[in-house]
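Notes for the one structure printed next.
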Amino acid sequence: MLLGIFALIGAAVLVVIDQVIKFLATTYIKPIGTLEIIPGFLDFTYHGNDGAAFGILSSQTWIFVIITALVSIALIVGLFVYKKHTTLSRMACALIIAGGIGNLIDRVFNNGYVIDYIHVKFFPPIFNFADCCVSIGVVLLFIYVIFCTDSLRKESSAKKKQKKEKVKHEQDHK
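Residues 4 to 177, numbered by the numbering used here, are exactly what the sequence shown covers, in order.
Written out as structure tokens, the structure is:
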């Protein structure tokens, strides 16, 4: 329970960071359009995105709001209901929640637009801190599912086997 609360506090901190950066991007980058950070590699470019990655589902704000809200709620509930969380899975959930809520705030308060500002020259889409949180969280969750859930199942099976053997041993000695 306490670790779930810590994960939510971490998510809240990340949402605040995201919103502060977006405020700064709106205040300082939007008026000039683009600020070159590392020539030929990285720019900060203000962009209002009303779609998803690569502009798909442009102008479908309600879809993003509903899906983001449902996924965020499911992950928050999961932090407290799912009993086999590891630090990795909690971090993954916190990152996904933070990124989702950060972009949800934008969509609700910016006429359906998400404020994007990071432009890596070799990667055409412009993205933001919240997008990074979601992407890193999904990768961590994928790692958790691939590598950790199998070992948790094996550990659970071993515990069940031990319990059965203990019960059998106790019955044999009665």
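Virtual Cβ for every residue (Gly too), placed ideally from N, Cα, C.
One or two residues paired with residue i in a DSSP bridge
| i | result |
| --- | --- |
| Glu-39 | Asp-46 |
| Ile-121 | Phe-47 and Phe-130 |
| Asn-52 | Val-117 |
C-alpha distance - residue i paired with residue j, whole-angstrom precision
| i | j | result |
| --- | --- | --- |
| Pro-34 | Ile-118 | 14 angstroms |
| Gly-43 | Gly-36 | 16 angstroms |
| Ile-3 | Phe-83 | Past the boundaries of the shown model lies residue 3; the chain is included only from 4 to 177, so the question cannot be answered. |
| Gly-7 | Ser-138 | 21 angstroms |
| Lys-167 | Met-4 | 29 angstroms |
| Val-16 | Cys-136 | 12 angstroms |
| Leu-73 | Lys-171 | 46 angstroms |
Presumed contact (8 angstroms Cβ cut-off) between residue i and residue j, rounded CB distance
| i | j | result |
| --- | --- | --- |
| Asp-21 | Ala-97 | 13 angstroms between Cβ atoms; not a contact. |
| Thr-71 | Asn-113 | The pair is not a contact, with the Cβ atoms about 14 angstroms apart (cut-off 8 angstroms). |
| Leu-45 | Val-123 | 6 angstroms |
Pair within 8 angstroms by beta-carbon distance, residue i and residue j
| i | j | result |
| --- | --- | --- |
| Ile-104 | Val-19 | no |
| Arg-110 | Ala-10 | no |
| Cys-151 | Thr-89 | yes |
| Tyr-120 | Thr-64 | no |
| Leu-144 | Ala-95 | yes |
| Tyr-147 | Gly-51 | no |
Close-in-space but distant-in-sequence residues of the same chain around residue i (CB under 6 angstroms, 5 per side omitted)
| i | result |
| --- | --- |
| Gly-13 | Ala-97 |
| Phe-132 | Asp-21 and Ile-24 |
| Val-68 | Arg-110 |
Close beta carbons around residue i, own chain, < 8 angstroms, minus the five adjacent residues each side
| i | result |
| --- | --- |
| Gly-54 | Leu-60, Ser-61, Ser-62 and Gln-63 |
| Leu-27 | none |
Residues of its chain near residue i, where Cβ-Cβ distance is below 7 angstroms and the 5 sequence neighbours each way are ignored
| i | result |
| --- | --- |
| Gly-81 | Cys-96 |
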